[in-house]
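Some notes on the structure that comes next.
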Amino acid sequence: MMIKTCLKQDNVMSKDRVNDLISLIHKQQPNLFSYDVVDLIDFYNSERNLPRNNEERYDAVFEIAESLGISEEVSTVKRYTDFNEEKRKTFYRRSEITYGAFSGRNIVFTGKGPFVRGELMSLARRAGAEISSAVSSRTNLLVVGSKPGSKLRKAKRLNMDIITIEEFFNILEGKSALAEDISEIDKLVEVYGEVLERNYNNKNISILIKDDKLKSKICKVFSSSCKAQIIDFDHKKTDILIYQLYYENNSLLQIAEDNNIQIMSLGEFNRNLMQLSDTCVKIRK
1 MMIKTCLKQD
11 NVMSKDRVND
21 LISLIHKQQP
31 NLFSYDVVDL
41 IDFYNSERNL
51 PRNNEERYDA
61 VFEIAESLGI
71 SEEVSTVKRY
81 TDFNEEKRKT
91 FYRRSEITYG
101 AFSGRNIVFT
111 GKGPFVRGEL
121 MSLARRAGAE
131 ISSAVSSRTN
141 LLVVGSKPGS
151 KLRKAKRLNM
161 DIITIEEFFN
171 ILEGKSALAE
181 DISEIDKLVE
191 VYGEVLERNY
201 NNKNISILIK
211 DDKLKSKICK
221 VFSSSCKAQI
231 IDFDHKKTDI
241 LIYQLYYENN
251 SLLQIAEDNN
261 IQIMSLGEFN
271 RNLMQLSDTC
281 VKIRK
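If you're matching positions, the sequence shown starts at 1 in UniProt numbering and goes up one per residue.
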């Protein structure tokens, strides 16, 4: 495929370029709950099987991008993870830093990456952050490089915000905000709030989602939009079960089906909200 050829470097697929493609998909379709590769496959109703390895994940994103007609754009997208010496110097120019980007954040860094730890700390401080060496109750953001260790496990237990090195630099340059910023929740509520209130009020919703942050985001959108109750799955109480394709073979899905509980994948749920939202707009007009 043409796009795959332009995104290969020394015959090795470039993971950061795939992330750039996902960013382009996000710009074209900004109202999805998740841009995980599996959730994109689900939302766009791709007929391919779930990816078993990184190469298959990348192939899936390429195909989706081509189907949306945005494959040519990726050649103009800046690579944030190719941090050579020139790039390192660029980030130390004061004009490159978005001041206040990390105000109110107590940051811990973990894992390996192209920058030494001291450089990352210096950049974060210049953007308004406080720095800690260990994850604690004061920590509210963990920046993760490759091969993270126990800090990542502890951060997940404490349900704190976690971003990658790439996301850290995107935020530094003002290209994006923290994924769990309240404005993202507000935007989804603005787009889907009326639909959720009309169709999900007083429903018991069970959510089978792999990513705790994504599950939390969905729960916040529900709670801000309607009187639905988010509950652990109970075949006697659950009205609707929303699941990621990661759980396609989970026994709970069969139990839900046997008990005539409505089942929707996350992609199907998102498509349904969009269709109902379009209908609401037409009715108001």
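Each residue gets a CB set at the ideal place from its N, CA and C atoms; glycine is no exception.
From a predicted model like this one, the values you see are computed outputs, not experimental measurements.
DSSP places tyrosine 35 outside both helix and strand once states are collapsed to three, so it counts as coil. DSSP, reduced to helix, strand and coil, places lysine 151 within a helical segment of the structure shown. Contact annotation: serine 133 and asparagine 106 have beta-carbon atoms that are not nearer than 8 Å.
Excluding five sequence positions before and after leucine 68, the CB atoms of its chain that fall closer than 7 Å to its own CB belong to Ile25, Gln28, given in chain order.
Relative to phenylalanine 62, the option among Ser23, Ile209, Gly118 whose CA is nearest is Ser23. The Cβ atoms of asparagine 201 and lysine 227 sit closer than 8 Å to each other. Contact check for leucine 266 and isoleucine 242: beta-carbon distance about 6 Å, within the 8 Å limit, so the pair qualifies. In this structure, the beta-carbon distance from leucine 142 to valine 135 falls below 8 Å. Annotated as distal: isoleucine 205 and isoleucine 185, with beta-carbon spacing of 8 Å or more. Within the same chain, Lys203, Asn204 come within 6 Å of aspartate 239 by CB-CB distance, once the 5 residues on both sides are set aside. Ranked by how close their Cα comes to the Cα of aspartate 161, the residues Ile70, Ala256, Asp59, Asp212 have Asp212 in first place.
A residue is called buried once 16 or more other Cβ atoms fall within 10 Å of its Cβ, and serine 225 is buried on that count.
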